[in-house]
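Set out below in structure tokens:
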């Protein structure tokens, strides 16, 4: 399997691959039935410690995808279509997961991706899928990161672009190095990188537009190869209010 974003993400996608199962259910990183898997109380650190102790034998590294990012997931699918996603990321901003587990003195961000066809909420209030930035209630941000319906990989990429950009960039550069254009006279990758650094939108739009689209295509193709299950975009479009 080609590496996607990081080795941790690659391992997750391998673990939850449906194989030949048309219907199924998977957990990231381990099955946590009966454990309170969504934070809903007043003390986030207490919930986090309790969850770690129950699921990973007091070892927070077992739910980490990076030293400062924990990732949990519960997914269901039917007839090879995703029907339920609950993906949670805890990002420690000024420390790491191990330190946060031991002591409640870190700044963190909490993101929860929800997609549940059996829990729609009031008319047009809760977009499918959406992301929470706090345990319950509003705001719910619509999440439409690509047009493929590849929501699990898209959400993971969203996390990496925002919180582990260097790791994400290394993956993109690695992808480009395997492209036919790499090293050719038409290779504009590093000119594009430089144009972004210099805020040179004119150069990007007038000189590099075609290769920009090609870079994005290679990245999307790699993500789509990495995981087969999708949400049904036609159903999502019918249920959502356009925003």
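Residue numbers (my numbering): 71 to 313. The C-beta atom is built at its ideal place from N, Cα and C for all residues, glycine as well.
Please confirm if the stretch 123-139 is in contact with the stretch 164-173, defined as three or more CB-CB distances below 8 Å between the two stretches.
yes
Is the number of C-beta pairs between the stretch 241-248 and the stretch 138-153 that are closer than 8 Å three or more?
no
Using the three-state DSSP reduction, which class does residue 86 fall into: helix, strand or coil?
coil
At what residues does the beta strand (DSSP E) containing residue 159 begin and finish?
151-162
Quick one: does residue 309 have its CB under 7 Å from some CB of chain B?
In summary, chain B is missing from the structure at hand, where a single protein chain is found.
Drop a sphere of 10 angstroms on the beta-carbon of residue 178, count the other beta-carbons inside from all chains shown, and report buried for 16 or more, exposed for fewer.
So residue 178 ends up on the buried side.
In angstroms, rounded to a whole number, what distance separates the CA positions of residue 90 and residue 262?
41 Å
Nearest-angstrom Cα distance between residue 155 and residue 101?
A direct Cα-to-Cα measurement between residue 155 and residue 101 gives close to 14 Å.
Applying the 10 Å Cβ sphere with the 16-neighbour rule, what's the burial state of residue 199?
buried
Can you tell me which of the three DSSP states residue 125 falls into?
helix
Residue 59 by DSSP, collapsed to three states: which one?
Residue 59 lies beyond the range of the chain shown here (71 to 313); nothing can be said about it.
Which same chain residues, not among the five before or five after residue 115, have their C-beta less than 8 Å away from its C-beta?
170 and 174
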